[in-house]
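Please read the structure below before turning to the comments.
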Amino acid sequence: MKIVIVAVTLALVAGAVTDVATASPKNCTAGKCAKKRAKKLLANRVFIKFTQTTGNTNSTSLDQRLHLCGDATWVYDSISYIEATGTTSQQRHTGTWKVKHARLSRNGKRGTVRVRGESDQGGPATTVKISWRNGSARLDGDEVIVDQSDLC
């Protein structure tokens, strides 16, 4: 049996969106202006996905966190735990990010943004889709918790 625990809060909508949306022109919903506005909205945020799987004899969890910092750097942390073996595994990757595309509502309470990340470790760049609406957020289609980053 698989249980996915995903709590959805959107600090993005609560605090930063209100501040930035009121400071930005109301017609800034697409194009270069929206990309700049989206960067302000996403900067210094962490996007958290927590998954827990419970079986008859084993339980596992996976905590994934993507931090988008205001200086255009990102940190991705992945921590997994397997109860049966007591094994914990942690990985950290870093790099730089920029907004490639943004569409935002006039009030900033809805939006879709494509963010491209380049890894410091090399390899191909990755693009993720971040969207928010009605107090919930998604990263590449998965519901996530959004909060102020503790690393940026």
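Numbering (the numbering used here), first residue to last: 1198 to 1349. Glycine included, each C-beta is placed from N, C-alpha and C at the ideal position. Small disclaimer: the values here were computed from a predicted structure and weren't measured.
State the Cα-Cα distance for the pair residue i and residue j, rounded to the nearest angstrom.
| i | j | result |
| --- | --- | --- |
| Ser1316 | His1290 | 7 Å |
| Thr1282 | Thr1254 | 11 Å |
| Arg1300 | Arg1311 | 9 Å |
| Trp1271 | Gly1252 | 34 Å |
| Ala1213 | Ile1327 | Residue placement at Ala1213 is poorly supported in this model, since its pLDDT is 40, which falls under 50; the coordinates still yield a value, given next. When rounded, the distance between both Cα atoms is 16 Å. |
Residue i and residue j: beta carbons closer than 8 Å?
| i | j | result |
| --- | --- | --- |
| Thr1250 | Ser1256 | yes |
| Ile1245 | Arg1262 | yes |
| Arg1242 | Leu1265 | yes |
| Ile1276 | Thr1285 | yes |
| Arg1303 | Thr1226 | yes |
Going by Cα to Cα distance, which pick from the options is closest to residue i?
| i | options | result |
| --- | --- | --- |
| Asp1337 | Gly1292, Gly1320, Thr1324, Val1296 | Thr1324 |
| Gly1332 | Ala1269, Thr1284, Asp1344 | Asp1344 |
| Trp1294 | Cys1230, Ala1227, Leu1239 | Leu1239 |
| Asp1339 | Lys1232, Lys1236, Trp1329 | Trp1329 |
| Gly1267 | Ser1277, Val1296, Ser1302 | Val1296 |
| Gly1314 | Ala1231, Ala1227, Ala1269 | Ala1269 |
| Gly1319 | Ile1342, Gly1292, Val1341 | Gly1292 |
Could you tell me whether any Cβ in chain D is nearer than 8 Å to the Cβ of residue i?
| i | result |
| --- | --- |
| Ser1286 | The structure shown contains no chain D, having only a single protein chain. |
So, helix, strand or coil for residue i, using DSSP?
| i | result |
| --- | --- |
| Leu1348 | coil |
| Gly1308 | strand |
Taking the alpha helix (DSSP H) that residue i belongs to, which residues open and close that run?
| i | result |
| --- | --- |
| Arg1234 | 1228-1239 |
What residue range is occupied by the uninterrupted beta strand (DSSP E) comprising residue i?
| i | result |
| --- | --- |
| Arg1303 | Segment: none, Arg1303 is in no beta strand (DSSP E) and carries neither H nor E. |
| Thr1254 | Segment: none, Thr1254 is in no beta strand (DSSP E) and carries neither H nor E. |
| Asp1274 | 1270-1279 |
| Thr1324 | 1323-1330 |
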